[in-house]
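> Can you keep this structure in mind? I'll have questions shortly.
Residue numbers (this note's numbering): 229 to 682.
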């Protein structure tokens, strides 16, 4: 999963790094960076993003002015009960810990935002998990450590619990806690890598890991969780399985994962309890990905041409009822994302030997593909793309009405043709899928929409 050792990712097999701060591009005679533009219709849904100032910013819709949720309230006069201060109050003359905030994610009902922080102060580094209540405008610290870096946060469906991965010396640890200050925190399991999905009932976990012991066997399994204990109930697959995240269908009726049968990888669909297993796709050699459609009727899947290369060759759509597959694109892609209404699939194209990405969208009913524009990725967005299958369970790039996507980066109007020494700071962009003008929200490095309500 998001190991602390992962810092940068290669765009393709070339040596071009995909982060805007250091990338050298070709510059045409005309400006290549998109300027601030108006949008015809504001898509629905709130947006949360990490600004270039390393703070968490929030906008209640794409047209609203963002507010900073984590910026220190320097030198404010405080009225009210004795000892009551703004959540981030810091006296102007006091040297305090400097915090950088990361990886915000909305609760399923959209009322709270969880995020992590990395601090540097007189006592050294610190790592923490926070939950911000939008209605009460208050943040609560759920977890703090001097040693374990928080690399991923996942809300459970009850809106009351969060799980998060800690990057420790021996591997990754999956933690579980109520989303409130002072709540007990428990270790659910450890392993490296560690990919997982929580069932909507919150009492079961499907996981994919090799375990914390280097000699242990890679496996996919089901783990039951009670208030006082957890145990592995069923091993679904054992041995080399070249994919990341097993997952339940959005309606909770099926489970999908990749298994290795006689040295051949297969996409497997089973009942929610892991019974009545059936193989629906035989996969070529390579690393694989799969994501459920929100209507639970299809799986989108892709395979890399070169093993361990993060670029997939094409995307296919398989009907889980009759196992029929069709091509959605034959482009090389870095990641792909279903719209909440299951009508569209947005994907990130990887042009051959080019130092940029291309956003594209496929209409799943008509097979029409639309180009949504070239862009340079930030380091944070590139990490999100590298692990998009896991983030598909916890983060959304789509507006709640499926009319737009959000991302952070530097937009390009045309293909560069000469060297450029500098690039502008990255911005958060809301891009309508109908081809109308994108909206520049604010400076930022990674951005997500609030989830569509079911």
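Note that CB positions come from ideal geometry on N, CA and C, so glycine has one too.
1. Does the count of Cβ pairs from the stretch 599 to 610 and the stretch 579 to 591 closer than 8 Å reach three?
2. Among residues of its own chain, excluding the 5 on either side of residue 431, which ones have a beta-carbon nearer than 6 Å to its beta-carbon?
3. Identify, in the order they occur along the chain, each residue of the same chain with its Cβ nearer than 6 Å to the Cβ of residue 235, setting aside the five sequence neighbours on each side.
4. What is the rounded straight-line gap between the Cα of residue 540 and the Cα of residue 635?
5. Note down the Cα distance separating residue 519 from residue 389, rounded to an integer number of angstroms.
6. With 16 other CB atoms within 10 Å as the buried threshold, where does residue 457 fall?
7. To test your reading of the DSSP string, which unbroken beta strand (DSSP E) runs of 3 or more residues are found completely within the stretch 605 to 654?
8. When DSSP labels each residue in this structure, what does residue 523 get in the three-state scheme?
9. Are at least three pairs of beta-carbons, each pair with one atom in the stretch 272 to 284 and one in the stretch 664 to 680, less than 8 Å apart?
10. Report all residues from its chain with a CB closer than 8 Å to the CB of residue 650; omit the five preceding and five following residues, and keep chain order.
11. According to DSSP, residue 756 sits in a beta bridge with which residue or residues?
12. What is the rounded straight-line gap between the Cα of residue 615 and the Cα of residue 351?
13. Please return the same chain residues whose Cβ sits closer than 6 Å to the Cβ of residue 258, not counting the five positions on each side in sequence.
14. Could you give the distance in angstroms between the alpha-carbon of residue 294 and the alpha-carbon of residue 363?
15. In this structure, how does DSSP classify residue 446 when only helix, strand and coil are distinguished?
16. Quick check: the Cα distance between residue 611 and residue 501, rounded to an integer number of angstroms?
17. Assign residue 297 to one of two classes, buried (16 or more other C-beta atoms within 10 Å of its C-beta) or exposed (fewer than that).
18. Just to confirm my understanding: we take residue 409, look at its own chain, exclude 5 residues before and 5 after, and list those with CB closer than 8 Å. What are they?
19. Classify residue 555: buried if its beta carbon has 16 or more other beta carbons within 10 angstroms, exposed otherwise.
20. Sorted by chain position, which residues of the same chain lie with C-beta nearer than 8 Å to residue 481's C-beta, five sequence neighbours on each side aside?
21. With respect to 8 Å, is the separation between the Cβ of residue 608 and the closest non-hydrogen atom of the ligand ADP below this value?
22. With DSSP collapsed to three states, give me the class of residue 388.
23. For the 8 Å Cβ check, are there 3 or more pairs between the stretch 650 to 662 and the stretch 409 to 429?
24. Quick check on residue 396: does DSSP put it in helix, strand or coil?
25. CB-CB under 7 Å to residue 399, same chain, minus the five flanking residues each way: which ones, in chain order?
26. When the Cα of residue 628 is compared with those of 285, 290, 416, which residue comes out closest?
27. Can you list, in chain order, the residues of its chain whose CB lies under 6 Å from that of residue 262, leaving out five sequence neighbours each side?
28. Leaving out the 5 sequence neighbours to the left and right, which residues in its chain are closer than 7 Å to residue 678 when beta-carbon positions are compared?
29. Quick check on residue 285: buried or exposed, where buried means 16 or more other Cβ atoms within 10 Å of its Cβ?
30. Going by other Cβ atoms of all chains shown within 10 Å of its Cβ, with 16 needed for buried, is residue 522 buried or exposed?
31. According to the Cβ coordinates, are residue 508 and residue 548 closer than 9 Å?
32. Confirm, please, whether the CB-CB distance from residue 328 to residue 347 is below 9 Å.
33. Between which two residues does the beta strand (DSSP E) carrying residue 420 extend?
34. Just the C-alpha distance for residue 622 and residue 514, rounded to the nearest angstrom, thanks.
35. Just the Cα atoms here: how many angstroms apart are residue 570 and residue 404?
36. Tell me the residue span of the beta strand (DSSP E) that contains residue 437.
Working from what's here:
1. yes
2. Within the chain shown, residue 431 is the residue found at index 203, counting from 1. Result list for residue 431: 453, in chain order.
3. Mapped onto the chain shown, residue 235 falls at position 7. With a pLDDT of 31 at residue 235, under the threshold of 50, the predicted position of this residue should be treated as unreliable, though the coordinate-derived value follows. Once the five neighbours on either side are set aside, residue 235 has no close Cβ partner at all.
4. By one-based count along the chain shown, residue 540 stands at place 312. By one-based count along the chain shown, residue 635 stands at place 407. Roughly 20 Å between the two C-alpha positions.
5. Within the chain shown, residue 519 is the residue found at index 291, counting from 1. Within the chain shown, residue 389 is the residue found at index 161, counting from 1. Roughly 24 Å separates the two Cα atoms.
6. Locating residue 457 in the chain shown gives position 229, where the first residue counts as 1. Counting Cβ neighbours within 10 Å, residue 457 comes out exposed, since fewer than 16 surround it.
7. 632 to 640
8. Counted from its first residue, the chain shown places residue 523 at position 295. The answer is coil: DSSP assigns residue 523 none of H, G, I, E or B.
9. yes
10. On the chain shown, residue 650 is found 422 positions in, with the first residue counted as 1. There are no such residues.
11. Beyond the ends of the chain as shown, which are 229 and 682, falls residue 756; an answer cannot be given.
12. Here residue 615 refers to the residue found at position 387 when the chain shown is read from its first residue. Here residue 351 refers to the residue found at position 123 when the chain shown is read from its first residue. In a straight line, the C-alpha of residue 615 is about 33 Å away from that of residue 351.
13. For the purposes of this step, residue 258 is identified with residue 30 of the chain shown, where counting begins at 1. Bear in mind that the predicted position of residue 258 carries a pLDDT of just 35, short of 50, making it too unreliable to give a figure here.
14. Translated into the one-based positions of the chain shown, residue 294 becomes position 66. Translated into the one-based positions of the chain shown, residue 363 becomes position 135. Each residue's alpha carbon lies about 16 Å from the other.
15. The sequence position of residue 446 within the chain shown is 218, counting from 1. It is coil, neither helix nor strand.
16. Within the chain shown, residue 611 is the residue found at index 383, counting from 1. Within the chain shown, residue 501 is the residue found at index 273, counting from 1. Computed Cα separation, rounded: 31 Å.
17. Along the chain shown, read from residue 1 onward, the residue named residue 297 stands at position 69. So residue 297 counts as buried.
18. As a position in the chain shown, residue 409 is number 181, starting the count at 1. Correct list, in chain order: 368, 369, 370.
19. Stepping through the chain shown from its first residue, residue 555 is reached at position 327. Counting Cβ neighbours within 10 Å, residue 555 comes out exposed, since fewer than 16 surround it.
20. The residue given as residue 481 occupies position 253 in the chain shown. Cβ neighbours of residue 481 beyond the five flanking positions: 499, 500, 524.
21. Summarising the ligand content, the structure contains no ligands, and the ligand ADP is consequently not present.
22. For the purposes of this step, residue 388 is identified with residue 160 of the chain shown, where counting begins at 1. Three-state DSSP puts residue 388 in coil, outside helix and strand.
23. no
24. By one-based count along the chain shown, residue 396 stands at place 168. Three-state result, residue 396: strand.
25. Counted from its first residue, the chain shown places residue 399 at position 171. So the qualifying residues of the chain are 418, 419, 420, 440.
26. The residue you call residue 628 lines up with position 400 of the chain shown. Out of 285, 290, 416, 290 has the C-alpha closest to the C-alpha of residue 628.
27. Position 34 of the chain shown, counted from the first residue, corresponds to residue 262. Any reading at residue 262 needs caution, since the residue's pLDDT is 45, under 50, leaving its predicted position unreliable; the model's value is listed next. These residues qualify, in order along the chain: 639, 641.
28. Here residue 678 corresponds to residue number 450 of the chain shown, with the count starting at 1. Closer than 7 Å at the Cβ level, and outside the excluded window around residue 678, lie 273, 274, 334, 338, 628.
29. Reading the chain shown from its first residue, position 57 is the one you call residue 285. When all chains shown are included, residue 285 counts as buried.
30. To locate residue 522, count along the chain shown from 1; it is residue 294. With 16 or more other Cβ atoms within 10 Å, it is buried.
31. The sequence position of residue 508 within the chain shown is 280, counting from 1. The sequence position of residue 548 within the chain shown is 320, counting from 1. Their beta carbons are under 9 Å apart, which means residue 508 touches residue 548 by this criterion.
32. On the chain shown, residue 347 is found 119 positions in, with the first residue counted as 1. On the chain shown, residue 328 is found 100 positions in, with the first residue counted as 1. A contact, by the Cβ cut-off of 9 Å.
33. Here the question's residue 420 lines up with position 192 in the chain shown. Taken as a continuous stretch (DSSP letters only), residue 420 belongs to no beta strand (DSSP E), as it is neither H nor E.
34. Within the chain shown, the letter at position 394 stands for residue 622. Within the chain shown, the letter at position 286 stands for residue 514. Each residue's Cα considered, the two are about 26 Å apart.
35. Translated into positions along the chain shown, residue 570 becomes position 342. Translated into positions along the chain shown, residue 404 becomes position 176. Roughly 30 Å separates the two Cα atoms.
36. Here the question's residue 437 lines up with position 209 in the chain shown. 432 to 437 is the span of the beta strand (DSSP E), which, as asked, contains residue 437.
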